[in-house]
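See structure below.
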């Protein structure tokens, strides 16, 4: 769940900074990543964002592999009709707040535990099996 949450944050930041095309471009349109994002959006209750992600994903899936590879290997900036096709400002109009939904998901997660810095180091050292040098 932590990795899924991280990738939801990645998706949100990519979309916020450069729209859906930037997410596609920077992620390399990775199938496993996309599945994690879909699962995550459903898990945190972001129904409208899930619907938008699926609509946007369909645009990429309908694109030929040649066109997609050309987009992924080219430059995102400048004249770029594929980028323009993929961008969709509906993300910014949705009332669901992905950051808040993701934060609430983490805060209410059954494995959530608040630790002091010393306890974090102790837990990590136990996990990796050796002492971690503190600076």
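In the numbering used here, the protein residues as written are 44 to 178. The beta carbon of each residue, even a glycine, is placed where N, CA and C say it ideally should be.
Taken through DSSP and simplified to helix, strand or coil, residue 139 comes out as coil. Put simply, the backbone Cα of residue 149 is about 8 Å away from that of residue 44.
The alpha-carbon of residue 88 is positioned some 33 Å away from that of residue 120. In this chain, the alpha helix (DSSP H) harbouring residue 125 covers 124-129. Sixteen is the threshold: when 16 or more other Cβ atoms of the shown chains lie within 10 Å of the Cβ of residue 64, as they do, the residue is buried. For a cut-off of 8 Å, the C-beta gap from residue 130 to residue 62 is around 4 Å, short enough to register as a contact.
A contact between stretches requires three or more CB pairs, one per stretch, nearer than 8 Å, and the segment 88-102 meets this requirement with the segment 124-138.
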